[in-house]
Amino acid sequence: MTGSLMSPPRHEAPEPLEGPVVGTVTGGTIIWFVLFLVQLPFYGWYSEHGHAWWIWTCLAGGGLGLVGVWYVRGRDAAIKRASTAAAEKAEAGRHAEESVNGANNDDAAKS
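Numbering (our numbering), first residue to last: 1070 to 1180.
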């Protein structure tokens, strides 16, 4: 190796994509649970052929998906709270600036 792993990046990384994360994770979780339920009646066949882990993998995927849904819902709520707080802070800053400018104009008019 000639140090190619140590060379600086040629361009900046793109911004992460934001999309319907809650819907995507919820949809994936539903798919895992449906796959579990569809395979469950065939447990005997899967077990005889050494593939019972397929069923348990689907159940684990559904369970982890529930954790994911909880996480992304909390993340979305936190993002919305932060953007609301930032908007309120910006609005309060504008009001404070307007009242300071208005007070300065009143003082100049009195002089």
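Where is the CB? At the ideal position from N, CA and C, for every residue including glycine.
C-beta contact flag for residue i and residue j at 8 Å
i: V1141; j: V1103; result: no
i: F1111; j: L1128; result: no
i: G1132; j: G1097; result: no
i: W1101; j: G1137; result: no
Environment of residue i [buried if 16+ CB atoms lie within 10 Å]
i: I1124; result: buried
i: T1093; result: exposed
i: W1122; result: exposed
DSSP state of residue i mapped onto helix, strand, coil
i: S1168; result: helix
i: S1076; result: coil
(message) Please give the ranges of any beta strand (DSSP E) in the segment 1078-1125, keeping only runs that are unbroken, at least 3 residues long and fully inside the region.
(response) none
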